Amino acid sequence: MKTIKLNFLLVIMALGVFTFTSCEDEFTEEDFLDKQAELAAAQQSFDLEKLILQYELMRENDSLMAVFSNQLAGMLKDENTEALRQAGLLASYTLTIENQGGAPLEGVTVSVGGSNPAARVDAVTDATGQVIINDIVIGASPVQVTLAGFVGVSYILDLGTISSGEEYFQIGSYIYPLGRHETTRIVLLSADGASGTFATVNGTATIETDLTNSASEVPQDVTIVAYLDGTDFDYESAQNFFHSSVDIYDVRFSGEGIGSAIVDNTTGRFSMLLPANENGISYTLMVPDVTADQTIVIDTRDDLPVTPELATVPARYGPVNAASFSPTISIAGAKAVFPAPTGAGNGANLTFTVVPRDLNIGFTIDGNAGTTPNSGNVEFDIISDGGTVQISPTAAVATATTPTTPIALQTSIIGDLDLTVAGGVGYTIGEDYDITIDVLSGATVLQTVTVTETAVDDGTGNGVLPTIDETGGNILTNGSDNLNAFGVTGYQVTVVEVAPAVAPTTAATITVTCDCRVDAIQTTTTGVGYSAPITGITFAGGGTGAALPVVDVVATGFEYTIAIDNTGITVPYTILPAVNWYNTTVASFPDASATDTDVISYTEAGTGLTGNLDDLLGIDGTGNLILTRTVTNLRTGISYAAPVLEIVEPMAMMASADVDINSDGTIGGLFNEDGGMGYTGVFGVTIMPTLATSPGTGAAVQLFDFTTQGTREVQWSTNWTVTDKGSGYLEELNNSAFGAYSGPTSVYAVSGEVFELTVKYGSGVRLQNVNQ
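Numbering (the working numbering) for the sequence shown: 3 to 774.
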């Protein structure tokens, strides 16, 4: 196996020798056939027949054949990769250089490949004006052409990409590199401007790096370059600079003042010569972008207001901003200066304490399921009004704290009585008997019902009361639901013979039932000293099979005492805060809105005096909040939730206004006035230059119409009058006449002509967020 691999490698090496030696210029198909014959001879010297025989034996073993095929493919891939690499290095380049008269130029230095000596190829033209440079890498390469006394040229030579049929061709599985040759002809122009082969381009460049003055500044360290675009070349036209079989672009001229100009850092002037002819040559002018600091007056930085100040802001200038520029910031040369407000105060609080309350409630339950009755400032929710009961169920109030006197409740029932009479012996036949039913509340008879029955013969001569069943019927005499009483605890039945009074031998069995419902609930003993909300009402009893109501408690209303807490004051008060009560539940006082903010009302216990808490607040000599008069037992109204307080602390905001400046430097008055907040006395305004370095003097404005509020705050109505117009003020501190970049983009150079250009960088685009 090792022998087979070695022999095959020798064959590939022979192929490699062929591949390398075939890399000649002008390689033809006939050359290829000759090389193929040489290959056959080499194969014999390495015993090709033995190799073929061994290969035939290997066909019997599929795994060995797969190994051999993979090795063959791998070696072929490596060989072809190397061939392509060689193809990329096989271009040669002939450059012919002439003067304007068509005579060859000898001694011209040509450099291909850039500034790196290891990658650059340098050559010098011979007497024919030619230079041949071999082994140029396929692709784009920089070329520089220089000769003393002539205008140097630099350009990009683009040989494209490696392509089949140009740099290599393929036969079967093998790739063979080819040679490639390209040519260019260049005309160099004399550097002697007196020869009339140049046009002169003069100009001035300006930039606005200081917006606080009217003069323009000069951009620093700027070079303006003119260059030819290879895509515009007409190789046979009157320009006649280049003739080439490949792409050439970005053509520039080298030499001081030839095709480039340095802008003078002091004057802004620049000048350059451009190679020209009588028909004119089109050049593109490249003006570079500039980043420089800009001086400007600002009154806002990063979206926050600041006192007007001089600022240095980085800005970008140049063609990149040809369509845009940062707007000029308008700031007047005079400002209105107001005193800071002295009003302040922070940290006071109001405390609230529940006032224990009495509890007296009563409401109808029957027929009111799904309603939320309010009784005694307690809001209930009747979930179910229950079903049939025999007697009044008990009712009790649940609460989290123990009251001084618990409330006592009782329920009323409403409905009618049913009567069942059966059996009995010894009643006087034909006589009437009164059946009396007493409705009891303990030992107290609440209501009496009487039914008369006549005794009859049972067929054996015995007198009995008739067997009757009044169940489902109404035995009351005045219609249905005539039983309506609170606190029903049971029923007592009495049977009396009307006349004569003869007792039966065996009394009849008489049963009384009530077809009743819970009608209402009421207070029998007022509760005293409740300081926590009622959490529910529980029902119990009601007789056999009673279906009891279900009643929840939504909220319990309480009054709260109000006290001022000054312990948290950090800044003494000079102006009163606003104090509001914020409703937080659907049942909050004073109405049912969950979003209202209302002033806190109070009620004076004993006198019934009512009012708003704001009307009682005052400030003592130390800046604490106090009550302006003695009010005993100051309370809120009824609230169904603990009060949530909103104290709006007094705000201090300086008054402000802008100054209107006339074109003659005098002031016309104020505008955009704001009276500010937090002043405790009448104040004035001073008119002064916006910056310490700004001109202007003498202006004065008088403020009037001040009012004192109940909070002690003094408010200015924003009325004013000019008492002195002053003089010398600037309308604007920043020049508004500047704008976007403007400048030439090309020039058409005709021999002997002089062009005057103007490059205005403008005011640029600021790179920092000021007054945005």
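Beta carbons: idealized from backbone N, C-alpha and C, even for Gly.
For clarity, every value in this text was computed on a predicted model and none was experimentally measured.
Checklist entry - Is E755 helix, strand or coil when you go by DSSP? => result coil
Item to check | Rounded separation between N281 and P316 - CA only | outcome: 45 Å
Next on the checklist: Quick test of your reading: N1 and S216, contact by CB under 8 Å. State the CB separation rounded to the nearest angstrom.
Outcome noted: Any question about residue 1 goes unanswered here, given that the chain covers just 3 to 774.
Next on the checklist: Using only the alpha-carbon positions, how far apart do G154 and A334 sit?
Outcome noted: 55 Å
Checklist entry - What separation, rounded to the nearest whole angstrom, lies between the Cα atoms of E651 and S377? => result 38 Å
Item to check | Extent of the continuous beta strand (DSSP E) run through N737 | outcome: Segment: none, N737 is in no beta strand (DSSP E) and carries neither H nor E.
Checklist entry - Would you say the region 739-751 touches the region 287-306, given that touching needs at least three Cβ pairs under 8 Å? => result yes
Next on the checklist: In the DSSP output, what is Q296 paired with across the bridge?
Outcome noted: V315
Item to check | Assigned exposure category for V308 - 16 Cβ within 10 Å defines buried | outcome: exposed
Checklist entry - Do you know how far the Cα of T314 is from the Cα of N771? => result 12 Å
Checklist entry - Who are the Cβ neighbours of G693 in its own chain at under 6 Å, not counting the five residues just before and after it? => result Just to set this straight, residue 693 is Leu in the shown sequence, not Gly. Hits under 6 Å: none found.
Checklist entry - Any chance the CB of L693 is under 8 Å from a heavy atom of the ligand GTP? => result The ligand GTP is absent from the structure shown, which contains no ligands of any kind.
Checklist entry - Counting pairs of Cβ atoms below 8 Å between the region 422-440 and the region 568-577, do you hit three or more? => result no
Next on the checklist: Taking 8 Å as the limit between beta carbons, can you name the residues of its chain near T725, skipping five residues before and five after?
Outcome noted: A702, V703, Q704
Checklist entry - So V716 and Y681 are in contact, right, with Cβ under 8 Å, and what is the actual spacing, rounded? => result 5 Å
Checklist entry - Cα separation between I188 and E100? => result 6 Å
Next on the checklist: Between which residues of its own chain and P321 is the CB-CB distance below 7 Å, once the five residues before and five after are set aside?
Outcome noted: V289, D291, Y743
Item to check | 7 Å CB neighbourhood of L107 in its chain, flanking five on each side removed | outcome: I99, E100, N101, T127, G131, L149, L190
Checklist entry - Just to confirm, are S753 and T286 a CB contact at a threshold of 9 Å? => result no
Checklist entry - Alpha carbon to alpha carbon, how far is A400 from Q412? => result 15 Å
Item to check | Where D301 falls, given that 16 or more other Cβ within 10 Å makes a residue buried | outcome: buried
Checklist entry - Does the region 545-565 touch the region 383-395, meaning 3 or more C-beta pairs lie closer than 8 Å? => result yes
Next on the checklist: Taking the straight line between their C-alpha atoms, what separation do you get for D124 and N267?
Outcome noted: 37 Å
Next on the checklist: Between which residues of its own chain and G625 is the CB-CB distance below 6 Å, once the five residues before and five after are set aside?
Outcome noted: P574, Y575
Checklist entry - Among all the DSSP beta bridges, which residues are the ones paired with N279? => result V752
Item to check | Sequence-distant residues of its chain with Cβ nearer than 8 Å to E296 (five each side left out) | outcome: With the sequence shown as reference, residue 296 is identified as Gln, and Glu is not the correct amino acid for it. Closer than 8 Å at the Cβ level, and outside the excluded window around Q296, lie E210, T211, D212, L213, T314, V315, P316, A317, S765, G766, R768.
Next on the checklist: Going by C-alpha to C-alpha distance, which of S218, G670, F757 sits closest to Y731?
Outcome noted: G670
Checklist entry - Can you round the beta-carbon distance between S143 and V112 to whole angstroms, since I take them to be within the 8 Å contact cut? => result The Cβ separation is near 12 Å, so there is no contact.
Next on the checklist: Is it buried or exposed, V451, if we count other Cβ atoms within 10 angstroms and call 16 or more buried?
Outcome noted: buried
Checklist entry - So the beta strand (DSSP E) Q412 belongs to, where does it begin and stop? => result 410-424
Next on the checklist: Do L672 and V687 have their beta-carbon atoms positioned less than 9 Å apart in this structure?
Outcome noted: yes
Next on the checklist: Suppose you measure from the CA of F340 to the CA of G678; what does that come to, to the nearest Å?
Outcome noted: 10 Å
Item to check | CA nearest to the CA of I367, picked from P375, D360, L361 | outcome: P375
Next on the checklist: Taking the beta strand (DSSP E) that K337 belongs to, which residues open and close that run?
Outcome noted: 336-339
Checklist entry - If you compare alpha carbons, which of V453, Q449, D436, G432 is closest to D460? => result G432
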